[in-house]
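Asker: Quick one: this structure, given as structure tokens, is what I'll be asking you about.
Residue numbers (the working numbering): 156 to 570.
Written out as structure tokens, the structure is:
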């Protein structure tokens, strides 16, 4: 299993020598800080009781000034291929320069300041550095949730480094690892948002971000779209596995700590992804991972951003189970029937699952039309469903081996 890490930089002092990752090195598909046992019990799938965000598909975009509504208009640069793939025009020798010059003003550094206790008391000091993008002329900035997590104060620094502003946290969605900040009176330049559904493997992209929080402004790297629609799991905390990200873009553009929340842009200068994770340095088996980074597709991020601006949170469908993927070893250990699916470790009291009669040890095999073979299948199925939606669920009863299908009304949870 591959190991992935967040791309924020943690700094006690804003010097390169003092830098360390904001979050401890941890996993993607599985967390590097977790044992194989801890990764089995993925509580991120169901959350706490309290809806599903549908991923909208939009046209290639430039953000309008309407707060809470990120609409799109087509833009052309005439220098390179569009987000729909290569054209017959040759790649301009200065294409990367042109994209960088156009987009750099809309990229900001996000500094996460937290209280640190010293012998002289508590001081608010920089605890982490990431990147953000300006998405409208109302001062809204999109970044990763893990960049702003735990902040007592947030500061935004422009790409030129000569202007700094305090930022207000508008809302976070840990399940999608996205957050919205707002800066008042800064007159920042918004970046145009593209259409990630039109991306093609092999298409050129540019990553911009504050790699290692190096002084002098953001770093620019280039690469291609390596793969589309990846599913990766974010780093977890302790025995709690991180959330799954779906429909993720894989890129060969080098992205490093400090790039978290920064833009992955096409050669029209449109943002097509939010850089979030990279493969860890040394993978299991001693293999060195290179050129494997992941960005949240902008079509997903745009929709989440709209909800965060509007409501300050995102709601998801809630079933109320803690699960692990079924396999022969687990089935033998727990005395369960050998059935592909996910084993229920616990059902939350008074949850949709418990009211339907699903109990610990039962094996869920299908939700709606989705066959469930892993905990990531369950997470993805719930993202596609809505709170209060009635959906048939099939499971195998541990005690008897009986297969049951019942229509369950899903609950609501915030990430």
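Note that beta-carbon positions come from the ideal geometry of N, C-alpha and C, so glycine has one too. If you're wondering where the values come from, they're calculated on a predicted model, not measured in any experiment.
For residue 466, count neighbouring Cβ atoms within 10 angstroms of its own Cβ and tell me buried if that reaches 16, exposed if not.
Answerer: Classification for residue 466: exposed.
Asker: Which one or two residues does DSSP pair with residue 365 in a beta bridge?
Answerer: None, per the DSSP bridge assignment.
Asker: Suppose you measure from the CA of residue 553 to the CA of residue 521; what does that come to, to the nearest Å?
Answerer: 16 Å
Asker: With residue 511 as the anchor, note down where its alpha helix (DSSP H) starts and where it stops.
Answerer: Boundaries of the alpha helix (DSSP H) harbouring residue 511: 507-511, taken from the DSSP string.
Asker: Under 8 Å, do residue 322 and residue 296 count as touching if we go by C-beta distance?
Answerer: In this structure, residue 296 lies closer than 8 Å to residue 322 by Cβ.
Asker: Do three or more CB pairs link the segment 257-272 to the segment 337-350 at distances below 8 Å?
Answerer: yes
Asker: DSSP puts residue 449 in a beta bridge; with which residues?
Answerer: Bridge partners of residue 449: 405 and 432.
Asker: Quick check on DSSP: helix, strand or coil for residue 342?
Answerer: coil
Asker: Would you mind working out which of 503, 534, 387 and 548 sits nearest residue 625, comparing C-alpha positions?
Answerer: Since the first and last residues shown for the chain are 156 and 570, residue 625 lies out of range.
Asker: Check whether the segment 417-434 touches the segment 444-460, counting contact only when three or more Cβ pairs, one atom from each stretch, lie closer than 8 Å.
Answerer: yes
Asker: Please state whether DSSP places residue 353 in a helix, a strand or coil.
Answerer: helix
Asker: For a test of the three-state rule: what should DSSP assign to residue 384, helix, strand or coil?
Answerer: strand
Asker: To the nearest angstrom, how far is the alpha carbon of residue 569 from that of residue 470?
Answerer: 5 Å
Asker: What's the gap between the Cα of residue 387 and the Cα of residue 381?
Answerer: 15 Å
Asker: Taking DSSP as the reference, what is the three-state secondary structure of residue 465?
Answerer: helix
Asker: Are the CB atoms of residue 472 and residue 542 nearer to each other than 8 Å?
Answerer: yes
Asker: Once you ignore the five residues that flank residue 428 on each side, which residues in its own chain have a CB closer than 7 Å to its CB?
Answerer: 351, 404, 419, 450, 451, 452 and 453
Asker: Nearest-angstrom Cα distance between residue 262 and residue 298?
Answerer: 10 Å
Asker: Quick one: give me the first and last residue of the beta strand (DSSP E) that residue 291 is part of.
Answerer: Residue 291 -> no beta strand (DSSP E), and no H or E assigned at all.
Asker: Touch check for the segment 472-482 and the segment 457-464: three-plus C-beta pairs under 8 Å?
Answerer: Contact between the segment 472-482 and the segment 457-464 is absent, because fewer than three Cβ pairs lie under 8 Å.
Asker: Based on Cα-Cα distance, which residue from 402, 422, 468 and 444 lies nearest to residue 336?
Answerer: 468
Asker: Taking buried to mean at least 16 other C-beta atoms within 10 Å of its own C-beta, is residue 342 buried or exposed?
Answerer: exposed
Asker: Quick one: grab the DSSP three-state call for residue 267.
Answerer: strand
Asker: Taking the CB atoms as reference points, tell me whether residue 269 and residue 326 lie closer together than 8 Å.
Answerer: In this structure, the beta-carbon distance from residue 269 to residue 326 does not fall below 8 Å.
Asker: Can you tell me whether residue 261 is helix, strand or coil according to DSSP?
Answerer: helix
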